[in-house]
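Colleague: Numbering (this note's numbering), first residue to last: 15 to 168. Glycine included, each C-beta is placed from N, C-alpha and C at the ideal position. Nothing here was measured: the structure is a model prediction, and the numbers come from that model.
1) Quick check: what's the CA-CA separation for residue 145 versus residue 127?
2) Per DSSP, what kind of secondary structure is residue 93 in: helix, strand or coil?
3) Taking C-alpha atoms, which residue in 164, 20, 81 and 131 lies nearest to residue 72?
4) By Cβ distance, which residues of its chain are closer than 6 Å to residue 194, with the 5 residues on each side in sequence left out?
5) Span of the beta strand (DSSP E) holding residue 201?
6) Please look up how many angstroms separate the CB atoms of residue 160 and residue 135, rounded, as I've assumed it's under 8 Å.
7) Would you say residue 110 and residue 17 are within 7 Å of each other, going by their C-beta atoms?
8) Under a Cβ-count criterion, where at least 16 other Cβ atoms within 10 Å of its own Cβ denotes burial, should residue 102 be classed as buried or exposed?
9) Closer than 6 Å by C-beta to residue 81: which residues in its own chain qualify, once you throw out the five before and the five after it? Chain order, please.
10) Roughly how many angstroms lie between the CA atoms of residue 98 and residue 84, to the nearest whole one?
11) Among the residues of its own chain, which have a CB less than 6 Å from the CB of residue 64, if the five just before and after it don't count?
12) Rounding to the nearest angstrom, what Cα-Cα distance links residue 28 and residue 39 in this structure?
13) DSSP three-state call for residue 157: helix, strand or coil?
14) If we require 4 or more residues per run, which alpha helix (DSSP H) segments fall completely within the stretch 65 to 93?
15) For residue 115 and residue 61, I'd like the C-alpha separation in whole angstroms.
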């Protein structure tokens, strides 16, 4: 089953922000966990046309955003509906998202940052072809957390 990518609507952003809640340590990724991130995600002007809703059979199942950070390099942020995580769907979603980004933006490199505790996501990123670049500390969600920066060369 193929995914459909479209610029995220305000209704979709609000659904994700207020209804997607992850279990256990993954609640770190709840939009409401960081007030600044929540405000930015809900601001349609700030999201612009670089945040995409991913649907399958008209159901919102994931999202991603791309930010142009340097010549032909884009930074990727993404999330999958909580009820779908941990079920082996991540690789297919990530591969299709990368194909979409390649067709739309023609990047040479895509980077992303993931919380270091999230070994489930890190394993998926590595299996798809992302390489570890560096670790760094990030102030977010009311504390400081270790993140892993990764990159994917097209």
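Modeller: According to the data block:
1) 11 Å
2) strand
3) 20
4) Any property of residue 194 remains undetermined from this structure, which presents the chain solely from 15 to 168.
5) Nothing can be reported for residue 201, as the shown portion of the chain is limited to 15 through 168.
6) Going by Cβ atoms, the distance from residue 160 to residue 135 rounds to 14 Å, so no, they are not a contact pair.
7) yes
8) exposed
9) 89
10) 32 Å
11) 79 and 80
12) 22 Å
13) strand
14) none
15) 16 Å
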